[in-house]
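Each remark here refers to the structure printed beneath this line.
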Amino acid sequence: MSDLKQIHAQSIKSGLASDPFFTAGLIAFCALETSGSLSYAHHLFSQTPNPTSFACNSPTQIAARTAMRSSSTVA
(Lines of atoms letter the chains of each structure in order from A; the text may use other names.)
(Lines give C-alpha, C1' and ligand atoms only; values in the text may rest on other atoms or scores of the structure.)
Protein backbone atom coordinates (compact mmCIF):
# COMPACT_ATOMS: atom_id res chain seq x y z
CA MET A 1 0.00 0.00 0.00
CA SER A 2 2.85 2.43 0.63
CA ASP A 3 3.90 2.15 -3.03
CA LEU A 4 0.35 2.83 -4.15
CA LYS A 5 0.14 5.88 -1.90
CA GLN A 6 3.39 7.18 -3.42
CA ILE A 7 1.98 6.64 -6.92
CA HIS A 8 -1.17 8.49 -5.87
CA ALA A 9 0.87 11.39 -4.47
CA GLN A 10 2.93 11.64 -7.67
CA SER A 11 -0.24 11.55 -9.77
CA ILE A 12 -1.60 14.49 -7.79
CA LYS A 13 1.62 16.45 -8.32
CA SER A 14 1.72 15.70 -12.04
CA GLY A 15 -2.00 16.27 -12.64
CA LEU A 16 -2.62 12.65 -13.64
CA ALA A 17 -5.00 12.24 -10.72
CA SER A 18 -7.54 14.31 -12.64
CA ASP A 19 -7.72 11.55 -15.29
CA PRO A 20 -10.79 9.48 -14.33
CA PHE A 21 -9.41 6.35 -16.00
CA PHE A 22 -6.15 6.53 -14.07
CA THR A 23 -8.02 7.07 -10.82
CA ALA A 24 -10.36 4.18 -11.66
CA GLY A 25 -7.30 1.91 -11.93
CA LEU A 26 -6.09 3.00 -8.50
CA ILE A 27 -9.54 2.46 -7.01
CA ALA A 28 -9.81 -0.98 -8.61
CA PHE A 29 -6.41 -2.00 -7.25
CA CYS A 30 -7.32 -0.85 -3.75
CA ALA A 31 -10.72 -2.49 -3.81
CA LEU A 32 -9.95 -5.75 -5.58
CA GLU A 33 -6.39 -6.79 -4.72
CA THR A 34 -5.69 -8.70 -1.52
CA SER A 35 -2.93 -6.22 -0.65
CA GLY A 36 -5.29 -3.29 -1.22
CA SER A 37 -7.38 -1.31 1.21
CA LEU A 38 -11.10 -0.76 0.87
CA SER A 39 -10.91 2.32 3.08
CA TYR A 40 -8.25 3.86 0.80
CA ALA A 41 -10.38 2.94 -2.23
CA HIS A 42 -13.24 4.86 -0.62
CA HIS A 43 -10.89 7.79 0.03
CA LEU A 44 -9.84 7.84 -3.64
CA PHE A 45 -13.42 7.47 -4.84
CA SER A 46 -14.65 10.34 -2.68
CA GLN A 47 -11.97 12.62 -4.17
CA THR A 48 -12.76 11.71 -7.78
CA PRO A 49 -14.83 14.47 -9.39
CA ASN A 50 -16.16 12.37 -12.31
CA PRO A 51 -15.77 8.68 -11.49
CA THR A 52 -16.18 6.19 -14.32
CA SER A 53 -18.65 3.32 -14.05
CA PHE A 54 -15.64 1.03 -13.58
CA ALA A 55 -14.55 3.07 -10.55
CA CYS A 56 -18.09 2.93 -9.17
CA ASN A 57 -18.30 -0.85 -9.54
CA SER A 58 -14.95 -1.77 -7.96
CA PRO A 59 -15.98 -1.15 -4.32
CA THR A 60 -19.28 -2.93 -5.01
CA GLN A 61 -17.40 -5.98 -6.30
CA ILE A 62 -15.22 -6.21 -3.21
CA ALA A 63 -18.27 -5.90 -0.94
CA ALA A 64 -19.92 -8.78 -2.80
CA ARG A 65 -16.76 -10.91 -2.59
CA THR A 66 -16.43 -10.22 1.11
CA ALA A 67 -20.04 -11.23 1.68
CA MET A 68 -19.52 -14.44 -0.30
CA ARG A 69 -16.38 -15.33 1.66
CA SER A 70 -18.03 -14.76 5.02
CA SER A 71 -21.08 -16.83 4.06
CA SER A 72 -18.92 -19.70 2.81
CA THR A 73 -16.96 -19.84 6.10
CA VAL A 74 -20.18 -19.95 8.10
CA ALA A 75 -21.56 -22.97 6.27
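The sequence shown begins at 1 in the UniProt record's numbering and counts up by one.
We treat Cβ as the ideally placed atom computed from N, Cα and C, and that holds for glycine.
Values in this document were obtained by computation on a predicted structure and should not be read as measured data.
Open item on the list: Taking only three categories from DSSP, how would you classify Thr-48?
Closed with: Here Thr-48 sits in coil by DSSP.
Open item on the list: The alpha helix (DSSP H) that contains Asp-3, what's its start and end?
Closed with: Unbroken alpha helix (DSSP H) run through Asp-3: 2-14.
- [ ] Apply the 10 Å Cβ neighbour rule to His-8 and answer buried if 16 or more other Cβ atoms are within range, or exposed otherwise.
- [x] So His-8 counts as buried.
Task: Within 8 Å, strictly: CB atoms of Ala-24 and Ala-55 - done: Contact flag set, yes.
- [ ] Using 10 angstroms around the beta-carbon of Ile-27, count the other beta-carbons present and answer buried if the total reaches 16, otherwise exposed.
- [x] Under this definition Ile-27 is a buried residue.
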